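Report on the following structure.
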Amino acid sequence: MCDTLFKKTKNTVFFGKNSDRSANEPNLVMYYPAKARKENQQCTYLSIGTTEKTHALLLVQPSWMWGGEMGINDCGVAIGNEAVFTKSSKKKQERLLGMDLLRLGLEHGSNAKQAAEIIIHYLETFGQGGNCGFDKPFYYDNSFLITDGKQALILETAKTDWVLKEVADFGNISNRLSIKQDYQLSSKPFTNFQKTNTEAIFTFFSQAKARQDCISDALLSAVQLNDIMNILRSHHPRDEAKLYRKGSVRSVCMHQSLLGDHTTSSMIVDYHHPTPTIWLTGASSPCLSIYKPCFLGINIAPIFTDKSASLNYWLEREYLTRAVFAGLIPKESYQSEMKQLQDRFIKEEAALWTKNPSPVELETFAKKCADAEEAFVKSYQKQIDEIRNNFHGLSAIWKKKMRRLGKNVFATAYRERNYG
472 MCDTLFKKTK
482 NTVFFGKNSD
492 RSANEPNLVM
502 YYPAKARKEN
512 QQCTYLSIGT
522 TEKTHALLLV
532 QPSWMWGGEM
542 GINDCGVAIG
552 NEAVFTKSSK
562 KKQERLLGMD
572 LLRLGLEHGS
582 NAKQAAEIII
592 HYLETFGQGG
602 NCGFDKPFYY
612 DNSFLITDGK
622 QALILETAKT
632 DWVLKEVADF
642 GNISNRLSIK
652 QDYQLSSKPF
662 TNFQKTNTEA
672 IFTFFSQAKA
682 RQDCISDALL
692 SAVQLNDIMN
702 ILRSHHPRDE
712 AKLYRKGSVR
722 SVCMHQSLLG
732 DHTTSSMIVD
742 YHHPTPTIWL
752 TGASSPCLSI
762 YKPCFLGINI
772 APIFTDKSAS
782 LNYWLEREYL
792 TRAVFAGLIP
802 KESYQSEMKQ
812 LQDRFIKEEA
822 ALWTKNPSPV
832 ELETFAKKCA
842 DAEEAFVKSY
852 QKQIDEIRNN
862 FHGLSAIWKK
872 KMRRLGKNVF
882 ATAYRERNYG
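Just so you know, my numbering puts 854 at position 383 of the sequence shown, and the rest follows in order with no gaps.
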């Protein structure tokens, strides 16, 4: 379960996404440099043969797969994908995951249109399918929101069929097909792509329409970075009372429930200058995490080139948020302190761009923010250490999650991840 958004304002363009997956599934933030040589490419489940040179990219990726949930490349192309539930058959056959298609679009797309064309090419050539779940089998097709800061596109798929729609001022996708007849390109003519392909039961219980409508309404008045952050941190009013004990799939900032997923990472791209600012949590639960300003090619936390280092970063912050869930840290005072630091980062980032900063100044600023956030996390080290060893205060579902946290997270095979 996920939500991806696009908003064009008078002064900038925003891209944003929450990655909603298993609560124990680490979302790594990885930098992959450009490659000039041709090579045989192995994706999560299959090889796609020889590929051409690739763009440098930042990828937010589940720890066990080749592809990613969201990312941006050195041409400024950003993509987010969503699970969609369709009538298509044979989803259990191991083909390309939607996350693999996303990475291929980033690796080879120089603009939004080209990235969409690349995803379509690989979709039609190899198909999509295979288990997408970390600790439970989960099969689905995919939709994508693609932008380069100038153009935004929504690509929805069912098996190897697809429709492509251009977005004007704002748009968002969730875990449902939404394009009916209002598309510009398609694999073949459709009277109503949504109606033809939607699997109604899974789509209904995902509550994607509630989340999609919530974001769409909020985007109407969103003009500043803080507005986008607030959208991605938002909860359904009916979830607030038992937010960290009994979550639901209604909320944009999703928390674990018996059937649902959990927001495991969040990302915003602000295209207000030639070098986009990438705001990353590098952690789950954006309502309890700080977005750090980052820049592509400057590999300062939460951006890593080593998966183990990225995992350790994510896990440390996961223990912190679960300490809040357990009541070891008062939520109100924690969020107040968090907000002060977040507001400082936003203010200082805006001031930085008035000085036409050099790459060295961007790196210095990113390091300063990373260090400040690290100090914030370390100030709760006592509670972090306590929750590692004592699950008291957590609900039953979270206690169960704690027993498996951090185990076998790099194994591609489902059985090895869960029974190895």
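C-beta atoms are modelled at their ideal positions from N, C-alpha and C, and glycine is treated no differently. Since we're looking at a predicted model, the values are computed, not measured.
- Annotated three-state conformation of serine 804 is helix, per DSSP.
- Taking valine 795 as reference, the option from Leu876, Tyr762 and Ser756 with the minimal CA-CA separation is Ser756.
- Counting only residues of its own chain and dropping the five nearest sequence neighbours on each side, asparagine 860 has no CB closer than 8 Å to any other CB.
- When DSSP states are grouped into helix, strand and coil, serine 687 belongs to the helix group.
- DSSP, read as helix, strand or coil, puts glutamate 540 in coil.
- Under the DSSP assignment, alanine 549 falls in the beta strand (DSSP E) whose first and last residues are 549–555.
- Glutamine 665 has its alpha-carbon roughly 37 Å from the corresponding atom of glutamate 789.
- Between tryptophan 633 and serine 649, the gap from beta carbon to beta carbon reaches 8 Å or more.
- In the structure shown, the three-state DSSP call for valine 638 is strand.
- Straight-line measurement puts the Cα of isoleucine 644 at about 11 Å from the Cα of isoleucine 617.
- Residue environment: isoleucine 739 is assigned as buried (16 or more neighbouring CB atoms within 10 Å of its CB, all protein chains considered).
- If you check the CB distance, leucine 833 and isoleucine 543 do not come in under 8 Å.
- Relative to the Cα of glycine 569, the nearest Cα in the group Asn582, Gly580 and Gly538 belongs to Gly538.
- Taking proline 828 as the centre and dropping the five residues before and after it, the same chain places the C-beta of Phe836 closer than 8 Å to its C-beta, in chain order.
- Going by DSSP, lysine 479 is part of the beta strand (DSSP E) stretching over 473–479.
- A straight line joining the alpha-carbon of tyrosine 784 with that of proline 773 spans about 7 Å.
- Taking the CA atoms as reference points, proline 764 sits about 12 Å from aspartate 842.
- Secondary structure of leucine 751 (DSSP, three-state): strand.
- Per DSSP, reduced to three states, the secondary structure at serine 737 is strand.
- Residue pairing for lysine 488: DSSP places it in a beta bridge opposite Thr475 and Met738.
- Distance between leucine 714 and threonine 596, taken at the CA atoms: about 43 Å.
- The secondary-structure analysis by DSSP pairs proline 764 across a beta bridge with Trp750.
- Straight-line spacing of the CA atoms in alanine 623 and arginine 508 works out to 30 Å.
- Contact check for arginine 709 against arginine 682 fails: the beta carbons are separated by 8 Å or more.
- Excluding five sequence positions before and after phenylalanine 673, the CB atoms of its chain that fall closer than 6 Å to its own CB belong to Phe556, given in chain order.
- Shortest Cα-Cα distance from leucine 476 to any of Ser687, Val880 and Pro497 involves Ser687.
- Between alanine 587 and asparagine 646, the gap from beta carbon to beta carbon reaches 8 Å or more.
- Counting the other Cβ atoms within 10 Å of the Cβ of phenylalanine 816 gives 16 or more, which makes it buried.
- When Cβ pairs closer than 8 Å are counted between the two stretches, the segment 792–807 is seen not to touch the segment 877–886, the count staying below three.
- The residue from Ala780, Leu799, Tyr742 and Ala882 with its alpha-carbon nearest to that of glycine 487 is Tyr742.
- Assignment of glutamine 512 by DSSP, reduced to helix, strand and coil, places it in the strand class.
- For glycine 753, the closest C-alpha among the options Val848, Phe609 and Asn889 is that of Val848.
- When DSSP assignments are scanned along the segment 840–876, the uninterrupted stretches of alpha helix (DSSP H) that are 4 or more residues long and fall wholly within it turn out to be 852–860 and 867–875.
- For glutamine 652, the number of other beta carbons within 10 angstroms of its own is below 16, and it is reported as exposed.
- With a cutoff of 8 Å on beta-carbon distance, lysine 478 and isoleucine 771 are scored as not near each other.
- In the three-state scheme derived from DSSP, where H, G and I count as helix and E and B as strand, aspartate 710 is classed as helix.
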